[in-house]
Amino acid sequence: MSTSTFAPSATSTSSTVRLTAKRSWHATIDLSARRSVLLHILLLLKAKYGTVDAKISYIGRRAELALYSQAFSAWEYRNPQTLSRRLHSLVVKLHLNNLAVREETAFAMEQAQIFEVAVSRKRKCSAVDVSVVDKRARYESVEAVATASPLFFDGNRDLLQHVCSFLAAPDVIQCAATCSQAASQLPAFVTSIEVTTVAMSKLEATVRASFFGRFPNLESFALTGRMQAQQFNFQDEKTLVARNVLVRSVLQALSNAELPKLATFSLNFCYSEGLKDHVTSQVANVLVGPDSRFPRLQTLSLVGNCISDDAVMDLYDAVALPRDALANESKLALLDLSQNFIGERGHLQLQEVVTQFASRDSALVVNVMNNLLTVAVPAESL
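Counting in the UniProt record's numbering, the sequence shown runs without a single skipped number right up to 382 at its last residue.
Next comes the structure, spelled out in structure tokens:
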């Protein structure tokens, strides 16, 4: 993977690049410049649809106004080399934003289901008759003799760990399902998990809620969806919503887990942000914020998730927020944000993050390949 590294710059400022500074360049753009941008947009639309009728013209004018409002500088607004991709990101994020209400409803229903199951189990446990417990205990003791091998489960932890080191995580989990002793011991030997969104979605919501609690020594977790070229199927809105709900439930489960050894966390092509970038904001709070439970996290990969400048601001705030005196500084060494929708404002903010890390003698590599900026930002805009 090719990587773009932001080096500390003497021209960087210590303040964040906020929205209030975005409009200052508007005074330098006259109507002729805006007509020129509109012409480029209409040419792109004509190449795609074959004609420019009243409807296409209206879409073009609305798109120009949106780009004019969102651009961080006149250079970004007028840059013809990034116009096509900026238009694409605008269409994608507007469509995904229309699904926000459905997503919130689905996520709330899933969380309510998890809560109801937890309450139901608690009630059942408190209502169990003592005699039934005794009978079940005697039954399980008989089963344990028949199914548990003393070779692997009675004091042979080193041998068991050696065997598990040759197995992939799915094989270890299958072995853990053989008996109760295996289920209590084997998950602790899992250090790396790679799973697809399709496979993860097959788990029940209640299982996902306690997923990370089973693997206390987890060092690497990677959730991967379809590649970016295939993930935007606007005909299948149900899947688009389900993917976001899945990732949010995974992050919710992660926020309640204790994984002191977690060093690598990846969510690649897993979710699609709308206009608010709310999923990435949750990622920032859970994984790199001052209250993060993952002190050893070194690599955070968020490739191909429609992340925009606002999400970069959330990541910056999470990393830059003051921490308790007893808390360690962030160990983050690689932040992969390639193949997203990050523009000039986000690039400048990421450079500021690198500068902050360098000021405390920490090296941070930020990968921003294939975002909205395909050429270098002009020096006068820094």
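Each residue gets a CB set at the ideal place from its N, CA and C atoms; glycine is no exception. Given the structure is predicted, the values throughout are model-derived calculations rather than measurements.
Hey, quick one: how far does the beta strand (DSSP E) through residue i stretch, first residue to last?
{"i": "Thr206", "result": "Note, Thr206: premise wrong, no beta strand (DSSP E); alpha helix (DSSP H) at Ala205 to Ala209."}
{"i": "Ala182", "result": "Note, Ala182: premise wrong, no beta strand (DSSP E); alpha helix (DSSP H) at Ser180 to Gln185."}
{"i": "Ser192", "result": "Ser192 to Thr196"}
Residue i and residue j look like a contact to me (Cβ under 8 Å); what is the Cβ gap, rounded to whole Å?
{"i": "residue 383", "j": "Gly343", "result": "Lying before the first or after the last residue shown, residue 383 is absent from the chain, which here runs from 1 to 382."}
{"i": "Asn268", "j": "Ser301", "result": "6 Å"}
{"i": "Val303", "j": "Asp336", "result": "6 Å"}
{"i": "Ile59", "j": "Leu45", "result": "7 Å"}
{"i": "Arg61", "j": "Leu372", "result": "That pair is no contact at about 21 Å."}
{"i": "Arg25", "j": "Ser73", "result": "Contrary to the premise, residue 25 reads as Trp rather than Arg in this sequence. Their Cβ separation, rounded to whole angstroms, is 5 Å, which keeps Trp25 and Ser73 in contact under 8 Å."}
{"i": "Val172", "j": "Leu186", "result": "5 Å"}
{"i": "Leu90", "j": "Ala54", "result": "The Cβ separation is near 20 Å, so there is no contact."}
{"i": "Pro170", "j": "Ala188", "result": "So it is not a contact: roughly 16 Å between Cβ atoms."}
Bridge partners of residue i, per DSSP?
{"i": "Val354", "result": "Answer by DSSP bridge pairing: none, since Val354 is not bridged."}
{"i": "Ser266", "result": "Ala222 and Ser301"}
{"i": "Leu251", "result": "None, per the DSSP bridge assignment."}
{"i": "Leu335", "result": "Leu300 and Val366"}
For residue i versus residue j, is the C-beta distance shorter than 9 Å?
{"i": "Ala253", "j": "Ser210", "result": "yes"}
{"i": "Leu251", "j": "Val283", "result": "yes"}
{"i": "Gly225", "j": "Tyr271", "result": "yes"}
{"i": "Glu110", "j": "Val279", "result": "no"}
{"i": "Ala222", "j": "Glu194", "result": "yes"}
{"i": "Leu332", "j": "Phe357", "result": "yes"}
{"i": "Phe265", "j": "Leu297", "result": "yes"}
{"i": "Asn285", "j": "Cys306", "result": "no"}
{"i": "Val247", "j": "Thr196", "result": "no"}
{"i": "Ala293", "j": "Ala263", "result": "Checking the sequence shown, residue 293 turns out to be Arg, not Ala. Against a cut-off of 9 Å, the Cβ pair of Ala263 and Arg293 comes out as no contact."}
{"i": "Ala63", "j": "Ile41", "result": "yes"}
{"i": "Ala205", "j": "Ser249", "result": "yes"}
{"i": "Lys261", "j": "Leu203", "result": "no"}
{"i": "Ser362", "j": "Ser330", "result": "yes"}
{"i": "Cys175", "j": "Leu167", "result": "yes"}
{"i": "residue 383", "j": "Arg360", "result": "Residue 383 is absent from the structure shown; the chain starts at 1 and stops at 382."}
Which stretch, first to last residue, makes up the alpha helix (DSSP H) that contains residue i?
{"i": "residue 401", "result": "Outside the shown range of the chain, which is 1 to 382, sits residue 401, and nothing can be said about it."}
{"i": "Ser36", "result": "Leu31 to Tyr49"}
{"i": "Ser89", "result": "Leu83 to Asn97"}
{"i": "Ala320", "result": "Asp309 to Ala320"}
{"i": "Thr280", "result": "His278 to Val283"}
{"i": "Ala169", "result": "Ala169 to Ala176"}
{"i": "Asp62", "result": "In the sequence on display, residue 62 carries Arg and not Asp. Arg62 -> alpha helix (DSSP H) spans Ala54 to Gln70."}
With a threshold of 9 Å between beta-carbons, can residue i be considered close to chain D, or not?
{"i": "Ala176", "result": "Although the question refers to chain D, the structure presented lacks it and comprises just one protein chain."}
Report yes or no: do three or more beta-carbon pairs, one from the segment 305-324 and one from the segment 238-245, lie closer than 8 Å? The segment 305-324 makes no contact with the segment 238-245, as fewer than three CB pairs between them are under 8 Å.
Touching by the beta-carbon criterion (3+ pairs, under 8 Å), the segment 27-41 and the segment 71-86: Yes, the segment 27-41 is in contact with the segment 71-86.
On the three-pair Cβ rule with 8 Å, is the segment 91-100 touching the segment 350-360? Short answer: they don't touch.
Can at least three beta-carbon pairs, one atom from the segment 364-371 and one from the segment 110-119, be found at a separation below 8 Å? Flag = no, the segment 364-371 and the segment 110-119 do not touch.
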